[in-house]
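In what follows, a single structure is set out as structure tokens and then discussed.
Number of protein chains: 2
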Amino acid sequence: MQQKALIPQHRKVYEILRSHITDGVFHEGDLLPSENELCTVHKVTRPTIRKALDRLANEGYIVRHQGKGSIVKGIPKGVGILSLTGTTSAIGQDNLLTHIIVKPEIRNWTEAFTFPLSQLEIESGCIYLERLRLVNNKPVFFDITMIPNINLSRFTSRNFENKSLFDILRKNYQVEVKGGEQKILSIMADEKLKDYFQVGSGHPVLQLNRKIETNRPGFYIYSQVFCNTDEYALYGTF
Amino acid sequence: MQQKALIPQHRKVYEILRSHITDGVFHEGDLLPSENELCTVHKVTRPTIRKALDRLANEGYIVRHQGKGSIVKGIPKGVGILSLTGTTSAIGQDNLLTHIIVKPEIRNWTEAFTFPLSQLEIESGCIYLERLRLVNNKPVFFDITMIPNINLSRFTSRNFENKSLFDILRKNYQVEVKGGEQKILSIMADEKLKDYFQVGSGHPVLQLNRKIETNRPGFYIYSQVFCNTDEYALYGTF
DNA sequence: CCATTCAACTTGTATTTACAAGTATAATTT
DNA sequence: AAATTATACTTGTAAATACAAGTTGAATGG
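Protein chains in written order, with the working numbering: chain Y, 4 to 241; chain A, 4 to 241.
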């Protein structure tokens, strides 16, 4: 329990309120408890509560109105493509099913989807996993994720079914996505993708190679996403 | 001066520091004055300074390091794909050649690439143009642009060769791009695209449908971009 | 009955104070 | 000379307090 003491209060409150919104305890349009009420509930002072609410408002979970209160907005739409926090929040968890094709395992690597690696990254090895995402029971996403094996104890033994990878990294390892870069191209499905997406030969598929920045300096997450855009186009704002 | 009193202090400090970064008073890598120094300079207390710095850090202008200070990062990169200002700035104008396939002309429209239109937009008609973009003399982009014909006098008679459409809108009509939304998918080249891109049948092509917001309320620009990603992948940050 | 006023909320801004924790440099010790 | 320690910075967290400003609804006046 000594690690928990290191997590600041405003962050704890943020996590609690955020999960209450994403898990449906609060619904869109609901009025959040007032700041003073939240103070007594969480046993902290108003500046601490406000810092948590600041972040929630900044990320679009709530909208604040002076004299009125904070109104729940729901899960925000992503910025960029597939949103910052991964595919899960872009579509909403309701209709998204995740199959783990390759369970998280330690691998050696020398490069990540055309992105060069630092010496430390190469020496540390990576946690490798493959997932297939089904939207309304149709396979739409297939993604390969590579995470440098730096300070992520017991990561490979965690359960990823129906959970966002980024949620786990944020809650358990305090790793937060800050931004990133991506290359996008259109390719023909190879045998593997034809099998996963259950499509014929010559089928066009979207490919994204992403290098994702985090709040840990020098710690990047690499992912390669393939997407069958027949029925679901990727949507993003900018 | 009575309105100025309504602007909170933390916002004033934010605006000052922000302009100092964008105007080059502070350069990338510079160490910002410490919070206490900023306090004495701007005659406010630390929480106020910190609120300004919070926002600057959140928007990417600075990065903060505990025990060290706040380091200037510069003007944050654009979000989205191809950057805010269109394909030209994404690649650099050097190797980009533009062929006008359909010169700007007034057309009727009822929808724009699956984006619904307002009554005013439909009644006004649109300025329609098609362009083929060559990178290093190879055709890479083919795009269709639709602009509502509202307050754009003499627009169709302008010359677009080698000029960015958005530059013309900004300089001559004070229309600035503020953001937008886009749908991205992977398709097979049809006869027209096969001809333009000089590729065989069944060739995968990237398609973007974009609705672009401007500083004019209710004034949107619609564009459909096809991209041959064989040699050049789309690149973007988020 | 209607309009106004007032009181009791809400969030927004700002100060003051205190200590924790990370960083860098100078001084000290080995 | 090199390693260690002390110290003087830096930012991070948190509380207690005060008042401003917007919203709402009940009480009061006409």
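Ideal placement from N, C-alpha and C gives every residue a C-beta, glycine not left out.
I190 (chain Y) and N61 (chain A) have their C-alpha atoms some 36 Å from each other.
Per DSSP, the unbroken beta strand (DSSP E) holding N212 (chain A) starts and ends at P207 to T217.
Annotated as distal: F229 (chain A) and L188 (chain A), with beta-carbon spacing of 8 Å or more. In this structure, DSSP gives D57 (chain Y) a helical state, which the three-state scheme calls helix. Taking a beta-carbon distance threshold of 8 Å, Y176 (chain A) does not count as an interface residue toward chain Y.
At least 8 Å separates the CB of T148 (chain A) from every CB of chain Y.
Taken atom to atom, the span from the alpha-carbon of R21 (chain Y) to that of R49 (chain A) is near 28 Å. It is roughly 13 Å from the alpha-carbon of S204 (chain A) to the alpha-carbon of N231 (chain A). Residue pairing from DSSP leaves I171 (chain Y) without any beta-bridge partner. Inclusion of I74 (chain A) and G27 (chain A) in the CB contact set at 8 Å is not warranted, their separation being larger than that value. Of Y:R53, Y:K46 and Y:K181, the smallest CA-CA separation from L35 (chain Y) is found for Y:R53.
Between P220 (chain Y) and F158 (chain Y), the C-beta spacing is not below 8 Å. From the beta-carbon of F29 (chain A), no residue of chain Y is found nearer than 9 Å; the closest lies around 20 Å away. By the CB criterion at 8 Å, F144 (chain Y) and Q227 (chain Y) fall outside the cutoff.
Per DSSP, the unbroken alpha helix (DSSP H) holding E194 (chain A) starts and ends at E194 to F200.
Rounded to the nearest whole angstrom, the C-alpha separation of P119 (chain A) and I125 (chain A) is 10 Å. Of all residues in the stretch 110-130 of chain A, none places a beta-carbon less than 8 Å from a beta-carbon of chain Y. For L35 (chain A), no beta strand (DSSP E) segment is defined, and its DSSP state is neither H nor E. Annotated three-state conformation of Q12 (chain A) is helix, per DSSP. Annotated as proximal: T240 (chain Y) and G182 (chain A), with beta-carbon spacing under 8 Å. Beta-bridge annotation (DSSP): F144 (chain A) is paired with A:R136 and A:C230. Residues of the same chain with a CB within less than 8 Å of the CB of R14 (chain A), apart from the 5 flanking positions on each side, are A55 in chain order. Against chain Y, the beta carbon of S189 (chain A) has neighbours under 7 Å at S189, P207, V208, L209 and T232, listed in chain order.
Contact check for V180 (chain Y) against I215 (chain Y) passes: the beta carbons are separated by less than 8 Å.
No Cβ-Cβ contact shorter than 8 Å links I224 (chain A) with T101 (chain A).
By the Cβ-count criterion, P11 (chain Y) is exposed, with fewer than 16 other Cβ atoms from all chains shown falling within 10 Å of its own Cβ.
Comparing C-alpha distances from Q185 (chain Y) to each of Y:D170, Y:N212, Y:D193 and Y:F200 shows the shortest one belongs to Y:N212. The beta carbon of I104 (chain A) is closer than 7 Å to those of E133, R134 and L135 in its chain, skipping five residues each way along the sequence. Per DSSP, reduced to three states, the secondary structure at E124 (chain A) is helical. A Cβ-Cβ contact shorter than 8 Å links N152 (chain Y) with I130 (chain Y).
Excluding residues up to 5 positions away in sequence, nothing lies with its Cβ nearer than 6 Å to the Cβ of E234 (chain A) in the same chain.
Against chain A, the beta carbon of Y238 (chain Y) has neighbours under 9 Å at E184, Q185, K186 and I187, listed in chain order. Taking all protein chains in view, the Cβ of H206 (chain A) is crowded by 16 or more other Cβ atoms within 10 Å, so the residue is classified as buried. Short of 7 Å from the beta carbon of R110 (chain A), and not among the five residues preceding or following it, lie these beta carbons of its own chain, in chain order: G128, C129 and Y131.
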